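Listed below in structure tokens is the structure:
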């Protein structure tokens, strides 16, 4: 494991981790600024938190992965690029769901 870090191949993973943690901490510390858009209530059958909780943690993960991409080797970028693009769609819909708080599964009507 140490040889991976010393060779530079582990740098993107470290950058991803540190940026993700940093952004997550910033989101928690600044929840007063974005809370009315991004906080989830503590009430409901599937709720496990006792206090309102920020729902936008995906922002921290996505920014961390994108930051790590810029430190990746060419081979790593060939793998990460398509994964980031594919994940961007899931991220966009997840963020939209987090901000609108509209969660549900759209099902077609049953015809009989």
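Residue numbers (the working numbering): 2 to 113. Every residue gets a Cβ at the ideal spot worked out from N, C-alpha and C, and that includes glycine. No experiment lies behind these values; they were computed from the predicted model shown.
Buried/exposed call for residue 83, threshold 16 Cβ in 10 Å: Along the chain shown, read from residue 1 onward, the residue named residue 83 stands at position 82. Classification for residue 83: exposed.
Whole-angstrom C-beta distance between residue 68 and residue 12, which should lie under 8 Å: Locating residue 12 in the chain shown gives position 11, where the first residue counts as 1. Locating residue 68 in the chain shown gives position 67, where the first residue counts as 1. In fact, because the Cβ distance is near 11 Å, the residues do not count as touching under 8 Å.
Cβ contact (3+ pairs, closer than 8 Å) linking the segment 58 to 72 and the segment 95 to 103: yes
For residue 64 and residue 1, the rounded distance between their alpha carbons: There is no way to answer for residue 1, as the model of the chain reaches only from 2 to 113.
Own chain partners of residue 25 with C-beta closer than 7 Å, once the 5 adjacent residues on each side are dropped: On the chain shown, residue 25 is found 24 positions in, with the first residue counted as 1. These residues qualify, in order along the chain: 58, 61.
For residue 17, three-class secondary structure by DSSP: Counting from one through the chain shown, the residue named residue 17 turns up at place 16. Three-state result, residue 17: helix.
Given residue 18 as reference, the closest of 31, 72, 30 once Cα atoms are compared: On the chain shown, residue 18 is found 17 positions in, with the first residue counted as 1. Of the candidates 31, 72, 30, the one whose C-alpha sits nearest the C-alpha of residue 18 is 72.
Backbone CA spacing between residue 78 and residue 91 [nearest angstrom]: Working through the chain shown from its first residue, we reach residue 78 at position 77. Working through the chain shown from its first residue, we reach residue 91 at position 90. Cα to Cα, the separation comes out at about 20 Å.
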